[in-house]
Amino acid sequence: MDIKNSKEIYNKYKNTKNSHIYEIILQLYLISSGYRDIALVYLQDLGKSGFSDLSKSTSEKIIKFLKKNNIPFYINKSFLILYNPNKFNIDKLNKSAGKKFGKQLGYFYNCASNDFSKNHYRVVISVNQVEIFAQMCKKSMIQKNISKYYEMYLEIMEIFWKLDKNIFGKLETYGFPH
Amino acid sequence: MNIKDTKEIYDKCKNTKNRRIYEIILQWYLISSGFRNIALVCLDDLEEIMKFLGKNKIIYKFFPEKSYLILFNPKKFNINNLDKSFGKKFGQQLGCFYYCATNNVSKNHYRVVISVNRVELLAQMCKKDMIAKYISQYYKIYLEISEIFKKLDKNLLGKLETYEGS
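Respectively, the protein sequence lines represent chains A and B.
Note that the working numbering gives residue 95 to position 95 of the first sequence, counting from 1, and the numbers run on in steps of one.
Counting the second sequence from 1 gives a position; the working numbering is that position plus 1000.
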């Protein structure tokens, strides 16, 4: 996996109408650029059971796309993971989707917790309406880290603008009404 | 002007399909709550809005050359002192959110917005380093506004967002 290949994949598929594949090519580019070693793909219509909620034809299309383009991936029933095998040992992936897993995903995920019941605020970095980084937090944690999230947003945009100057990125945070 | 009247206006008109009227009642609530003394709304559909403002005794001044509608609290803001060039001084009059107010916005390529139910209540263009400097303050303002709106309607969704928008 190198950045030239991921740019080629992006250029070939950037007009895809399949939002899952679009999300994968953006995350793949971020991994090949060296910005992250592992990415959880937030497939937009996932239900509570994640990847296993997708229709068979949808999940088959995604898997076919990943294999065709030699993209390293891992699936369990809940999620799809893309990773750089030279930087991340997939056998060490924490499958609980808890705090340890969040830490493996990278330093953006500093609100990762085994108990999300008190995390009522969301912070998201999105690119062309695809959520590239997203997590639930306590508002005090967002307050503490908002400068860092903004710095990350700027770094990510610099990386994506090398790929495509028309990419639109956003940092946003909001609470859920109780 | 009191907050009870504003809540009544909100309850009566919250399902309006006119987005400008919806924006006006949210901004008016923020003024009545004491969070801000003056707010800017950009207008397009004059007739219906003027009727709504008059009917609900909302205090305003309209600047037709700019299509700017200014809502204000007459006890806290003297409308005669409004900066009619709508430049840096005007931004400062709008309140503490508007750190990036300038007479020359051509170098301000990033946008920072606090919205409620997709209505932009506080919005400005900035340089990215200015947003980096004030992002904690913007988040604090966002939390304050969210707390104020929770008292009006627990279902309102507030959001802080920033993006490149040149």
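The beta carbon of each residue, even a glycine, is placed where N, CA and C say it ideally should be.
Between which two residues does the alpha helix (DSSP H) containing residue i stretch?
i: A:L154; result: K139 to L163
i: B:M1001; result: Neither: B:M1001 is in no alpha helix (DSSP H) and is coded neither H nor E.
i: B:Y1029; result: R1019 to S1032
i: A:S33; result: Per DSSP, A:S33 belongs to no alpha helix (DSSP H) and is neither H nor E.
i: A:Y10; result: I3 to Y13
Out of the options, state which residue places its alpha-carbon closest to the alpha-carbon of residue i.
i: B:I1025; options: B:L1082, B:D1045, B:L1053 and B:N1037; result: B:L1053
i: A:N76; options: A:I159, A:D115, A:V41 and A:F160; result: A:V41
i: A:Y153; options: A:Y107, A:I38, A:S113 and A:L66; result: A:Y107
i: B:T1006; options: B:M1050, B:N1073 and B:Y1068; result: B:N1073
i: B:F1077; options: B:K1088, B:G1095 and B:F1086; result: B:G1095
i: B:Q1093; options: B:A1039, B:L1160 and B:R1020; result: B:A1039
Spell out the partners DSSP gives residue i in its beta bridges.
i: B:F1063; result: B:Y1068
i: A:T173; result: A:V123 and B:L1160
i: B:V1041; result: B:L1069
i: A:M136; result: A:R122
i: A:A39; result: A:L82
i: A:E131; result: A:S126
State buried or exposed for residue i, treating a residue as buried only when at least 16 other CB atoms are found within 10 Å of its CB.
i: A:H178; result: Any answer about A:H178 is weak, because its pLDDT of 46 lies below 50 and its placement is not dependable; what the coordinates show is given next. That one is exposed.
i: A:H20; result: buried
i: A:K118; result: exposed
i: A:S6; result: buried
i: A:K17; result: exposed
i: A:Y29; result: buried
i: B:G1091; result: buried
i: A:F88; result: buried
i: A:F176; result: exposed
i: B:E1047; result: exposed
i: A:W161; result: exposed
i: A:N145; result: buried
Hey, could you find the ends of the beta strand (DSSP E) residue i is sitting in?
i: B:M1125; result: V1119 to C1126
i: B:R1111; result: Y1110 to V1116
i: A:F73; result: F73 to I75
i: A:L80; result: L80 to Y83
Exercise. Closer than 7 Å, Cβ to any Cβ of chain A: which residues of the stretch 1119 to 1134 of chain B, in chain order?
Worked result: K1128, I1131 and A1132
Exercise. Taking a cut of 7 Å between CB atoms, which residues from the stretch 133 to 149 of chain A lie near chain B?
Worked result: K139, I142, Q143, I146 and S147
Exercise. Taking any Cβ of chain A, which residues in the stretch 1134 to 1155 of chain B have a Cβ under 9 Å from it, in chain order?
Worked result: I1135, S1136, Y1138, Y1139, K1140, Y1142, L1143, S1146, K1150, D1153, K1154 and N1155
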